[in-house]
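In this note's numbering, each number is its position in the sequence shown, counted from 1, plus 74. Taking it in order: structure first as structure tokens, then the write-up.
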Amino acid sequence: MIVELGHFALVLAALVACVQMIVPMVGAARRWPGWMAVAGPAATVQFLLVAASFAALTYAFVTSDFSLRLVVLNSHTAKPMLYKVSGVWGNHEGSMLLWVLILALFGACAAWFGGNLRPSLRARVLAVQAAVSVAFYGFILFTSNPFLRLATPPMNGEDLNPLLQDPGLAFHPPFLYLGYVGLSMAFSFAIAALIEGRVDAAWGRWVRPWTLAAWLFLTIGIGLGSWWAYYELGWGGFWFWDPVENASFMPWLLAAALLHSAIVVEKREALKSWTILLAIMAFGFSLIGTFLVRSGVITSVHAFANDPERGVYILMILAVFMGGALTLFAARASAMQAKGVFAMVSRESALVANNVLLAVSAFVVFVGTIWPLVAELALGRKLSVGAPFFDAAFTPFMVALAAILPVGAMLPWKRGHLGRAMQPLWGALALSVAGGALVWVMQTGGSMLAPVGLTLATWVTLGALVDLWSRGGRGDIGSRLRRLRNLPGGDWGKTIAHIGLAVTLFGIAGLTAWESEDIRVAQIGERFEHAGYEIELRDVSQVPGPNYVSTMATMAVYKNGREVAVLLPEKRVYPVAQMPTSEAGIDNGVFRDVYLVIGDAQSDGGFAVRTYIKPFANWIWAGCIIMGIGGLFSLSDRRYRIAAGARRRQAPAGGVPAE
Numbered sequence: 075m076i077v078e079l080g081h082f083a084l085v086l087a088a089l090v091a092c093v094q095m096i097v098p099m100v101g102a103a104r105r106w107p108g109w110m111a112v113a114g115p116a117a118t119v120q121f122l123l124v125a126a127s128f129a130a131l132t133y134a135f136v137t138s139d140f141s142l143r144l145v146v147l148n149s150h151t152a153k154p155m156l157y158k159v160s161g162v163w164g165n166h167e168g169s170m171l172l173w174v175l176i177l178a179l180f181g182a183c184a185a186w187f188g189g190n191l192r193p194s195l196r197a198r199v200l201a202v203q204a205a206v207s208v209a210f211y212g213f214i215l216f217t218s219n220p221f222l223r224l225a226t227p228p229m230n231g232e233d234l235n236p237l238l239q240d241p242g243l244a245f246h247p248p249f250l251y252l253g254y255v256g257l258s259m260a261f262s263f264a265i266a267a268l269i270e271g272r273v274d275a276a277w278g279r280w281v282r283p284w285t286l287a288a289w290l291f292l293t294i295g296i297g298l299g300s301w302w303a304y305y306e307l308g309w310g311g312f313w314f315w316d317p318v319e320n321a322s323f324m325p326w327l328l329a330a331a332l333l334h335s336a337i338v339v340e341k342r343e344a345l346k347s348w349t350i351l352l353a354i355m356a357f358g359f360s361l362i363g364t365f366l367v368r369s370g371v372i373t374s375v376h377a378f379a380n381d382p383e384r385g386v387y388i389l390m391i392l393a394v395f396m397g398g399a400l401t402l403f404a405a406r407a408s409a410m411q412a413k414g415v416f417a418m419v420s421r422e423s424a425l426v427a428n429n430v431l432l433a434v435s436a437f438v439v440f441v442g443t444i445w446p447l448v449a450e451l452a453l454g455r456k457l458s459v460g461a462p463f464f465d466a467a468f469t470p471f472m473v474a475l476a477a478i479l480p481v482g483a484m485l486p487w488k489r490g491h492l493g494r495a496m497q498p499l500w501g502a503l504a505l506s507v508a509g510g511a512l513v514w515v516m517q518t519g520g521s522m523l524a525p526v527g528l529t530l531a532t533w534v535t536l537g538a539l540v541d542l543w544s545r546g547g548r549g550d551i552g553s554r555l556r557r558l559r560n561l562p563g564g565d566w567g568k569t570i571a572h573i574g575l576a577v578t579l580f581g582i583a584g585l586t587a588w589e590s591e592d593i594r595v596a597q598i599g600e601r602f603e604h605a606g607y608e609i610e611l612r613d614v615s616q617v618p619g620p621n622y623v624s625t626m627a628t629m630a631v632y633k634n635g636r637e638v639a640v641l642l643p644e645k646r647v648y649p650v651a652q653m654p655t656s657e658a659g660i661d662n663g664v665f666r667d668v669y670l671v672i673g674d675a676q677s678d679g680g681f682a683v684r685t686y687i688k689p690f691a692n693w694i695w696a697g698c699i700i701m702g703i704g705g706l707f708s709l710s711d712r713r714y715r716i717a718a719g720a721r722r723r724q725a726p727a728g729g730v731p732a733e
């Protein structure tokens with residue numbers, strides 16, 4: 075009965091979304107306040123209905139209701155409760171229901187917290203958001219219904235993909251979806267502005283927190299996915315340039331560009347057309363990611379579905395929304411006239427350079443991701459574009475971005491002087507170059523990646539701190555610290571996020587340049603040396619788990635004759651799914667990880683053992699956490715809540731008619 079109620083609630087949510095899509099849009103066009111006012115209550119009702127539907131599906135998983143086809147395919151009675159819950163979104167149908175739940179949540183938040191928006195803009199934003207929801211409701215109900223019953227329920231289920239039975243990957247998809255779907259709000263604001271023919275500073279102020287929230291969730295989601303790949307897959311890497319990894323990374327890059335571009339719209343009322351285009355493309359790449367994951371055009375451990383028919387539906391959604399949005403953009407671009415002018419050397423120009431580097435790097439990743447598909451379709455050739463291409467093509471843009479970041483932050487708006495902006499930064503530059511040179515000398519002719527990475531990371535960090543300190547004004551240290559304490563959250567958030575980026579850059583550079591690997595067959599009781607550490611394989615035993623059988627090794631790690639860790643790497647086999655997984659044994663440290671993987675038993679009685687020493691690995695995820703904290707500080711900025719309302723009260727009541 076609960077499952078049927080959930081299905082019924084989903085159908086009702088789709089109908090409410092249709093009302094929300096049509097009535098407020100007509101009301102905004104005709105200037106009928108009553109019709110525009112429908113948007114807010116409709117958004118709330120739609121969210122409550124789809125939340126009830128999602129809760130019903132969750133109940134079916136938690137209670138192991140094997141009369142539901144989706145539960146049979148993705149659950150099992152022996153599965154731990156955490157993975158019964160995460161099984162709700164660990165499949166195609168359930169993850170799409172989570173997608174529309176988040177779509178409805180963002181629409182409801184815009185209704186609840188958008189009281190300071192112009193009524194016409196608010197109505198159009200919520201109508202566009204509902205239009206996206208309607209498309210996905212149709213996709214779920216007609217092709218991916220999660221509430222299908224089985225005539226003859228089995229006694230037990232087929233279990234969830236063992237790779238997904240991990241805490242990191244249990245929470246990775248929801249955060250990633252909050253980022254993907256969060257960009258729909260920026261898209262809705264962009265389309266609403268194009269329909270009205272009006273983009274002003276208040277619009278720039280309103281679009282920033284939604285974009286910032288999406289970027290924050292994407293950062294957390296990508297960080298969790300990278301961390302999971304590092305410790306779960308057993309290959310020791312944090313990023314493989316997998317097509318689905320790229321599908322989440324491209325919207326992240328464009329969201330970062332949109333954040334910086336919206337600042338120029340807000341402060342200077344410039345770059346309006348470019349900002350609108352970025353908002354459209356950022357959400358467009360989120361839809362492309364959905365297509366890649368669910369269409370079957372790529373093979374990946376991240377893929378949810380392998381169904382070309384479903385892929386066609388998603389491709390149609392992508393074509394309608396992106397094609398319609400870009401057509402509207404072309405028709406309305408002339409109305410997005412910039413008011414502010416700026417010199418070649420100015421903060422605006424630095425932000426333009428930032429945007430160009432981020433957008434082009436996203437395009438490079440897109441070309442590398444999609445080219446094998448294009449080559450196979452157009453040329454009949456199977457090509458592989460791997461990490462060497464992405465590393466070589468992507469890295470120069472990040473180096474350039476890190477190089478200009480501190481200088482751009484110090485330049486004034488409208489017109490600046492490069493020498494004057496660099497004056498407080500010379501000391502930071504000297505320290506950064508000296509640190510990089512010291513590392514280059516100490517590593518005795520190794521890769522230049524680590525010295526360059528340290529130089530850039532130090533430069534970005536010190537530049538961010540110098541910029542923050544300069545905002546304290548003049549005077550004694552005490553008075554400057556008091557002024558810094560009272561700075562808006564956005565200023566602190568920018569500094570913290572830039573430092574987080576620097577930490578991640580150095581972690582990637584240090585790990586890539588200095589990691590070492592050893593692969594061998596070890597006998598029980600044997601001790602071997604690698605990179606200054608001694609590793610002893612003490613024992614290997616069979617250990618039963620809740621829904622798997624584990625081959626668990628006990629391995630001791632020694633440094634200078636002293637035991638520093640005892641690790642328990644595993645090789646698990648899930649009997650229901652008939653699938654093995656690896657669980658690395660990792661001794662985490664601030665400056666290095668010792669990473670051990672146990673492999674298959676050998677004919678001579680030994681076991682395959684892989685040993686990695688990974689310097690600064692945890693700095694990668696520490697940087698993601700710091701960037702996330704910076705995003706939270708920026709979201710706490712009261713200016714997002716107060717100044718937009720003040721601007722609205724000063725602005726005309728209605729939008730400019732779109733003729």
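The C-beta atom is built at its ideal place from N, Cα and C for all residues, glycine as well.
Judged by their CB atoms, R342 and E232 are not nearer to each other than the 9 Å cut-off. Judged by DSSP secondary structure, S590 falls within the beta strand (DSSP E) whose first and last residues are S590 to A596. When the alpha-carbon of W173 is set against those of G256, V97, Q239 and A201, the nearest one is in G256. In the three-state scheme derived from DSSP, where H, G and I count as helix and E and B as strand, T655 is classed as strand.
The residue from A531, F464 and Y669 with its alpha-carbon nearest to that of A502 is A531. Cβ-Cβ distances below 8 Å link W326 to G253, W289, L292, T293 and I296 in the same chain, with the five nearest sequence neighbours on each side left out; the list follows chain order. For E637, the enclosing beta strand (DSSP E) covers residues R636 to L641. Under the three-state reduction of DSSP, K346 is assigned to helix.
Secondary-structure assignment with DSSP links I660 through a beta bridge to Y669. Annotation: L611 is outside any alpha helix (DSSP H); the continuous beta strand (DSSP E) that includes it extends over Y607 to P618. A contact is defined here as three or more CB-CB pairs under 8 Å, and the segment 122-132 fails this definition with respect to the segment 297-308. Spanning the alpha carbons of A185 and P107 requires a straight line of approximately 15 Å. For the pair A466 and V526, the Cα-to-Cα distance works out to about 15 Å.
Counting only residues of its own chain and dropping the five nearest sequence neighbours on each side, R601 has a CB closer than 6 Å to the CB of E608 and E610. Separation of the CB atoms of L234 and G161 is rounded to 5 Å, and the pair is thereby assigned contact status at 8 Å.
Annotation: the continuous beta strand (DSSP E) that includes S624 extends over V623 to K633. The distance from the Cβ of F365 to that of L392 is about 6 Å, consistent with a contact at the 8 Å cut-off. Collapsing the DSSP output to three states places P227 in coil.
Residue range F681 to P689 is occupied by the beta strand (DSSP E) that includes P689.
Measuring C-alpha to C-alpha distances from V438 to each of K346, F665 and W315 identifies W315 as the nearest. For the 9 Å CB-CB criterion, A321 and A356 do not form a contact.
Across the structure, A596 and P643 are spaced so that their CA atoms are roughly 14 Å apart. Runs of the alpha helix (DSSP H) spanning 4 or more residues and lying entirely within the segment 187-219 occur at 193-217, in chain order. Counting other Cβ atoms within 10 Å of its Cβ, I582 reaches 16 or more and is therefore classed as buried. In this structure the segment 497-511 touches the segment 533-551; the number of beta carbon pairs closer than 8 Å is three or more. The alpha carbon of P620 has as its nearest neighbour, out of V650, E591, I598 and M701, the alpha carbon of V650. In this structure, the beta-carbon distance from M653 to P236 falls below 9 Å. Taking the CA atoms as reference points, G663 sits about 37 Å from M496. Taking the Cα positions, A225 is about 15 Å away from V77. Taking a 10 Å sphere around the C-beta of R494, we find fewer than 16 other C-beta atoms and assign the residue as exposed.
For L485, the closest C-alpha among the options P115, F416 and L641 is that of F416. Within its own chain, the residues whose Cβ lies closer than 6 Å to the Cβ of F690, once the five positions on either side in sequence are excluded, are G581, G584 and L585, listed in chain order.
The DSSP-derived three-state label of V394 is helix.
Fewer than three beta-carbon pairs drawn from the segment 473-492 and the segment 449-459 are found closer than 8 Å, and the two stretches are therefore not classed as touching.
For G358, the CB contacts under 6 Å within the same chain, skipping 5 residues up- and downstream, are M396 in chain order.
For Y648, the beta-bridge partners assigned by DSSP are M653.
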